[in-house]
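> Before I ask anything, let me first share the structure, which is written out below as structure tokens.
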Amino acid sequence: MNLPEFQKDAQLEANAEKTCREGNGQMVHQLNKGSMGQVLAPGKATDFEKVFVGGWLCEVPSTPGLGSEVCDKMSQGWNHAGQTGHNEILVGTKNKKIGCAIAGGIWGCDVGN
455 MNLPEFQKDA QLEANAEKTC REGNGQMVHQ LNKGSMGQVL APGKATDFEK
505 VFVGGWLCEV PSTPGLGSEV CDKMSQGWNH AGQTGHNEIL VGTKNKKIGC
555 AIAGGIWGCD VGN
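With the sequence shown counted from 1, adding 454 to any position gets you my numbering.
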């Protein structure tokens, strides 16, 4: 995708897990200390790639490195409803760190500097 690689961050992962757990199966955003942005989506523990690529990145299929072939496959079952904000949070270059977790059937990723 020609983007800098995120650095995995334990605090951001803990923040994402806390948000997902406290949402009790609902997508309820909360920005905890150190988090500059957050994306949430329903899914199973085995669905991370489909959630990350199909649910979030494929909101903008023209994102370099994706394309319609990837997004047609990975975004099956998703209705982006014109949203692009999840993609923008994840492909923006101002955030260098990421932490992702799942709890209660919700995947969450928090990003930060």
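Even for Gly, the Cβ is constructed at its ideal location relative to N, Cα and C.
#1: For the alpha helix (DSSP H) holding residue 544, just list the boundary residues, first then last.
#2: Measure the beta-carbon distance from residue 562 to residue 473 and round it to whole angstroms, keeping in mind my assumption that it falls under 8 Å.
#3: Considering only the beta carbon of each residue, do residue 508 and residue 530 sit closer than 9 Å?
#4: Does residue 501 come out as helix, strand or coil in the three-state DSSP assignment?
#5: Do you know offhand how far residue 516's Cα is from residue 564's?
#6: Would you check if the distance between the CB atom of residue 468 and the CB atom of residue 555 is smaller than 9 Å?
#7: Following the continuous beta strand (DSSP E) through residue 564, name the residue where it begins and the one where it ends.
#8: Looking at the unbroken beta strand (DSSP E) that takes in residue 493, where does it start and where does it end?
#9: Could you check the C-alpha separation between residue 465 and residue 488 for me, to the nearest Å?
#10: List the DSSP bridge partners of residue 555.
#11: Do residue 514 and residue 538 have their beta-carbon atoms positioned less than 9 Å apart in this structure?
Reading from the atomic positions:
#1: Annotation for residue 544: the continuous alpha helix (DSSP H) segment containing it runs 539-545.
#2: About 5 Å separates the Cβ atoms of residue 562 and residue 473, confirming a contact at the 8 Å cut-off.
#3: The answer is yes: Cβ separation under 9 Å.
#4: In the structure shown, residue 501 sits in a helix (DSSP, three-state: H, G or I).
#5: Residue 516 and residue 564: Cα-Cα distance of roughly 23 Å.
#6: Yes.
#7: Annotation: the continuous beta strand (DSSP E) that includes residue 564 extends over 560-566.
#8: Under the DSSP assignment, residue 493 falls in the beta strand (DSSP E) whose first and last residues are 491-496.
#9: Cα to Cα, residue 465 sits roughly 8 Å from residue 488.
#10: According to DSSP, which records beta bridges pairwise, residue 555 is partnered with 562.
#11: At the C-beta level, residue 538 and residue 514 come within 9 Å of one another.
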